[in-house]
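Colleague: This structure is in structure tokens; I'll ask about it shortly.
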Amino acid sequence: MANVSFGDAARDNLRTVVAAVEREISQLPPTSDGKPQSDELRASWNALVKLLALGPAPETRSCPVCNGTGMRDASRCAHCWAKLEPLAPIVTDVPRSNA
157 MANVSFGDAA RDNLRTVVAA VEREISQLPP TSDGKPQSDE LRASWNALVK LLALGPAPET
217 RSCPVCNGTG MRDASRCAHC WAKLEPLAPI VTDVPRSNA
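In the working numbering, each residue carries its 1-based index in the sequence shown increased by 156.
Structure below.
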């Protein structure tokens, strides 16, 4: 399975299904002794998701000319070939100062 490669559409579909199953697992009721029913299921599920190696969804943006969807870092639109202006980097963590 490690050598399997999925196309973009298949990878997007798999991400959608993974998210749906995650929601369903999180809603399972506890067992009669109060333990989460999903512990063993979650461990197996996590092993499967790891084998799929989907990674995060790619960052995309819309073309200002044709409204087509393309990669965030693209310099030209894949649909209409319009030149795209670079976007500012995404800031994920802002360091805090110790004042």
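Backbone N, C-alpha and C define an ideal beta-carbon position, used for all residues, glycine too.
Can you tell me whether K206 is helix, strand or coil according to DSSP?
Modeller: Helix, per DSSP.
Colleague: In the structure shown, what three-state DSSP assignment does S182 receive?
Modeller: S182 falls in the helix class under three-state DSSP.
Colleague: So does the region 198 to 209 actually touch the region 219 to 237, counting three or more Cβ pairs closer than 8 Å?
Modeller: Not touching, per the Cβ criterion.
Colleague: Does the beta-carbon distance from L243 to R232 come in below 8 Å?
Modeller: Not a contact, by the Cβ cut-off of 8 Å.
Colleague: I think S194 touches L184, with their Cβ atoms under 8 Å apart; what is that distance to the nearest whole Å?
Modeller: Between L184 and S194 the Cβ distance is about 5 Å, and since that is below 8 Å, they are a contact.
Colleague: Where are the beta strand (DSSP E) runs, 3 residues long or more, that stay fully inside the region 198 to 243, in chain order?
Modeller: You should have 216 to 218 and 225 to 227.
Colleague: According to DSSP, is T187 part of a helix, a strand, or is it coil?
Modeller: It is coil, neither helix nor strand.
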